[in-house]
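Engineer:
Residue numbers (this note's numbering): 6 to 303.
1) Tell me whether the beta-carbon of residue 177 lies closer than 8 Å to the beta-carbon of residue 30.
2) Tell me which same chain residues have a C-beta within less than 8 Å of the C-beta of residue 58, skipping the five on either side of it?
3) Looking only at C-alpha atoms, which of 227, 215, 272 sits nearest to residue 294?
4) Whose C-alpha, out of 117, 49, 162, is nearest the C-alpha of residue 90?
5) Residue 201 lies in the alpha helix (DSSP H); which residues open and close that run?
6) Taking the runs of the beta strand (DSSP E) that are 3 residues or longer, which of them lie wholly in the stretch 23-82?
7) Judging by CA-CA distance, which residue of 180, 71, 82, 144 is the nearest neighbour of residue 51?
8) To the nearest angstrom, report how far apart residue 198 and residue 21 are at their CA atoms.
9) Taking C-alpha atoms, which residue in 226, 164, 111 lies nearest to residue 8?
10) Are the beta-carbon atoms belonging to residue 221 and residue 213 less than 8 Å from one another?
11) Please look up how many angstroms separate the CB atoms of residue 105 and residue 94, rounded, as I've assumed it's under 8 Å.
12) Could you work out which residue in 83, 280, 180, 297 is closest to residue 15 when comparing CA atoms only?
13) By Cβ distance below 8 Å, which residues in the same chain neighbour residue 193 in space, the five residues on each side in sequence not counted?
14) For residue 139, collect the residues of the same chain with a Cβ closer than 6 Å to its Cβ; drop the 5 residues on either side in sequence, then sort them by chain order.
15) Report, in whole angstroms, the separation of the C-beta atoms of residue 98 and residue 65, which I expect to be a contact under 8 Å.
16) Assuming residue 118 contacts residue 146 under a Cβ cut-off of 8 Å, what Cβ separation, rounded to an integer in Å, is found between them?
17) Going by CA-CA distance only, name the one from 127, 48, 148 that's closest to residue 76.
18) Just the Cα atoms here: how many angstroms apart are residue 60 and residue 188?
19) From residue 134 to residue 166, what does the alpha carbon distance come to, in whole angstroms?
20) Is DSSP giving residue 8 helix, strand or coil here?
21) Can you tell me whether residue 79 is buried or exposed, with buried defined as 16 or more other CB within 10 angstroms of its CB?
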């Protein structure tokens with residue numbers, strides 16, 4: 006086990022950014038990403054947002070807070086790639102928008118909403134393989150001007166952030182470097198040796214955890230590793246079986262058709278393996294893109 010808590014585990018992320026005692030770290034992190042906001046204080050809000058009816062889906066945020074001017078901030082860590090991840094981000098943003106509507110007469114004035122997502126994977130279909138930061142707003146297509154500045158998405162593709170320490174010349178780059186290289190906290194470079202990162206080092210040191218805290222962290226870390234290992238095994242096994250059959254079919258019916266069938270077989274193979282491992286159907290849908298009906302037929 007590493008000396009420092011992994012910030013991409015559920016426990017680690019919330020220990021760093023989701024506790025009242027460590028709120029100064031979240032403020033510093035958000036200010037580094039959004040320097041025009043000048044956040045001085047944050048109030049944590051209920052992280053569970055309820056649907057408007059008994060049939061509507063609820064939403065559970067990793068971190069949900071607002072500053073002293075009413076601006077709302079949703080901060081999420083996303084471990085695994087999902088086919089409809091962008092849809093999910095928009096769905097999450099709808100809750101802090103909708104909750105601002107009071108009963109009775111209202112002029113529809115909204116406070117800004119910011120959705121910050123740290124992604125522990127690379128988004129698919131990206132034409133910019135080296136671009137790790139995506140600042141997204143509503144924009145008019147023809148004149149390329151911001152149409153509505155109060156809805157903001159910030160996606161950070163952490164696996165793409167590979168800058169060496171000497172090129173981390175801004176506070177947000179320093180934050181991304183430390184999150185990606187948490188092990189380096191025991192030898193902080195001079196440019197990182199400030200109050201914020203010294204505190205980060207203190208609260209993520211596994212040796213400083215209480216027995217109960219250590220138990221909770223190990224359970225969270227085990228769940229993270231178990232899922233990652235199961236998914237990797239399933240991918241390898243499914244790809245091997247599916248691609249083999251796809252190649253054989255490709256020789257008979259044409260390369261293009263064979264590859265398409267091979268990819269489908271690979272997804273089915275991955276799903277079958279995950280199902281045998283007892284992984285929940287919802288997670289299998291997210292990992293493979295198959296429908297629940299296809300998975301249930303396996």
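Each residue gets a CB set at the ideal place from its N, CA and C atoms; glycine is no exception.
Structural biologist: The relevant details are as follows:
1) Mapped onto the chain shown, residue 177 falls at position 172. Mapped onto the chain shown, residue 30 falls at position 25. Taking 8 Å as the Cβ cut-off, residue 177 and residue 30 do not qualify as a contacting pair.
2) The residue you call residue 58 lines up with position 53 of the chain shown. Low confidence applies here, because residue 58 scores a pLDDT of 49, under 50, leaving its location unreliable and the question unanswered by this model.
3) Along the chain shown, one-based indexing puts residue 294 at 289. Looking at the Cα atoms, 272 is the closest of the given residues.
4) For the purposes of this step, residue 90 is taken as the residue at position 85 of the chain shown. Comparing Cα positions, the closest option is 162.
5) Start at 1 with the first residue of the chain shown, and residue 201 comes out as number 196. Residue 201 -> alpha helix (DSSP H) spans 200-209.
6) Taking 3 residues as the shortest admissible run, the stretch 23-82 contains the following complete beta strand (DSSP E) segments, listed from N- to C-terminal end: 47-49, 68-72.
7) Taking the first residue of the chain shown as 1, we reach residue 51 at position 46. Of the listed residues, the one whose Cα sits closest to residue 51 is 71.
8) Here residue 198 corresponds to residue number 193 of the chain shown, with the count starting at 1. Here residue 21 corresponds to residue number 16 of the chain shown, with the count starting at 1. Cα to Cα, residue 198 sits roughly 17 Å from residue 21.
9) Start at 1 with the first residue of the chain shown, and residue 8 comes out as number 3. For residue 8, the nearest C-alpha among the options comes from 226.
10) In the chain shown, counting from the first residue as 1, residue 221 sits at position 216. In the chain shown, counting from the first residue as 1, residue 213 sits at position 208. No. Outside cutoff.
11) Numbered from 1 along the chain shown, position 100 holds the residue referred to as residue 105. Numbered from 1 along the chain shown, position 89 holds the residue referred to as residue 94. Rounded, the Cβ-Cβ distance is 18 Å, inconsistent with contact.
12) Here the question's residue 15 lines up with position 10 in the chain shown. Selected option, being the one with the closest Cα: 83.
13) Position 188 of the chain shown holds residue 193. Contacts found: 202, 203, 206.
14) Taking the first residue of the chain shown as 1, we reach residue 139 at position 134. Non-local C-beta neighbours of residue 139 in its own chain, meaning closer than 6 Å and more than five positions away in sequence, comprise 160, ordered along the chain.
15) In the chain shown, counting from the first residue as 1, residue 98 sits at position 93. In the chain shown, counting from the first residue as 1, residue 65 sits at position 60. The C-beta distance from residue 98 to residue 65 rounds to 14 Å, too long to meet the 8 Å contact threshold.
16) Residue 118 sits at position 113 when you count from the first residue of the chain shown. Residue 146 sits at position 141 when you count from the first residue of the chain shown. Their Cβ separation, rounded to whole angstroms, is 22 Å, which puts residue 118 and residue 146 out of contact at 8 Å.
17) Residue mapping note: residue 76 aligns to position 71 of the chain shown, counting from 1. Comparing Cα positions, the closest option is 48.
18) Against the chain shown, residue 60 aligns to sequence position 55. Against the chain shown, residue 188 aligns to sequence position 183. Residue placement at residue 60 cannot be trusted, given a pLDDT of 47 that sits under 50; the coordinates are not used to answer.
19) The residue given as residue 134 occupies position 129 in the chain shown. The residue given as residue 166 occupies position 161 in the chain shown. Roughly 11 Å separates the two Cα atoms.
20) Position 3 of the chain shown holds residue 8. Assigned with DSSP and collapsed to three states, residue 8 falls in coil, not helix or strand.
21) Indexing the chain shown from 1 puts residue 79 at position 74. Flag for residue 79 reads buried.
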